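Below you'll find the structure, written out as structure tokens, and then a few comments.
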Amino acid sequence: MTLRLARRLSLILVIALTCGLHAASQDHPNRGEKYLLDSANRERKAQGLHELRWDPALAQAATRHANEMAKHNTISHQFPDEPGLGARVTRAGVHFASIAENVAEAKSPVTIHNLWMSSEGHRANILDKDMEFLGVAVVERDGNLFAVEDFCRKR
């Protein structure tokens with residue numbers, strides 16, 4: 008292997024590791040995720056409820072599930088051979104007293120939020136007065152966005 012090729016491979020490895028660590032940490036939401044977080048909190052504020060706080064571990068669990076939905080190119084709360092919500096959230100390091108999840112697929116975060124707010128069950132999750140934390144993931148595949156909101160009240 009030439010020195011030039013070795014340097015290129017090292018650079019590619021550094022880029023891949025850096026991107027992977029950033030994606031796995033979920034310390035800060037991307038634009039679509041921030042829109043969904045802000046929209047949920049706007050809805051809650053309008054109802055006199057406290058804001059949900061961003062939780063990186065919940066976001067990590069949501070990201071793993073959003074990636075699964077994108078891989079399968081469909082929405083579901085659980086795929087075969089995938090742990091259920093409780094196990095996914097626990098695996099991410101969240102110790103919860105209660106949890107809930109919203110999933111959706113659409114072309115934009117605006118449409119996703121509107122779909123959730125027009126669905127009784129999804130709306131109830133967003134406006135659940137007992138929930139404290141939220142992790143959101145938005146993953147794109149072929150122009151479609153696969154979104155997950157994981158809510159929890161911690162122990």
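Straight run, no breaks: the sequence shown in our numbering ends on number 162. Even glycine gets a Cβ: it sits at the ideal position worked out from N, Cα and C. Since the structure is predicted, the reported quantities are computational estimates derived from the model, not experimental observations.
Quiz item: In angstroms, rounded to a whole number, what distance separates the CA positions of leucine 155 and arginine 98?
Solution: One-based indexing of the sequence shown puts residue 155 at position 148. One-based indexing of the sequence shown puts residue 98 at position 91. According to the sequence displayed, residue 155 carries valine and not leucine. Taking C-alpha positions only, valine 155 is separated from arginine 98 by approximately 17 angstroms.
Quiz item: Considering only residues of the region 45–80, which uninterrupted alpha helix (DSSP H) runs meet the minimum length of 4 residues and lie entirely inside it, listed in chain order?
Solution: If we require 4 residues or more, the alpha helix (DSSP H) runs fully inside the region 45–80 come out as 63–79.
Quiz item: Which residues mark the beginning and the end of the beta strand (DSSP E) in which asparagine 109 is found?
Solution: To locate residue 109, count along the sequence shown from 1; it is residue 102. Run containing asparagine 109: 103–113, per the beta strand (DSSP E) assignment.
Quiz prompt | glycine 91 in three-state terms, based on DSSP | solution = Counted from its first residue, the sequence shown places residue 91 at position 84. Secondary structure of glycine 91 (DSSP, three-state): coil.
Self-check item: C-alpha distance - serine 46 paired with methionine 76, whole-angstrom precision
Solution: Locating residue 46 in the sequence shown gives position 39, where the first residue counts as 1. Locating residue 76 in the sequence shown gives position 69, where the first residue counts as 1. Linking serine 46 to methionine 76 through their CA atoms gives a straight-line distance of about 22 angstroms.
Quiz item: Terminal residues of the continuous alpha helix (DSSP H) containing glutamate 127?
Solution: If you number the sequence shown from 1, residue 127 lands on position 120. DSSP places glutamate 127 inside the alpha helix (DSSP H), whose first and last residues are 127–133.
Practice problem: Excluding the 5 residues preceding and the 5 following alanine 113 in the sequence, name in chain order all residues of the same chain whose CB lies nearer than 8 angstroms to its CB. | Solution: Here residue 113 is taken as the residue at index 106 of the sequence shown, counted from 1. In the same chain as alanine 113, and ignoring 5 residues on each side of it, the C-beta atoms closer than 8 angstroms to its own belong to Ile119, Leu122, Asn151, Leu152 and Ala154, in chain order.
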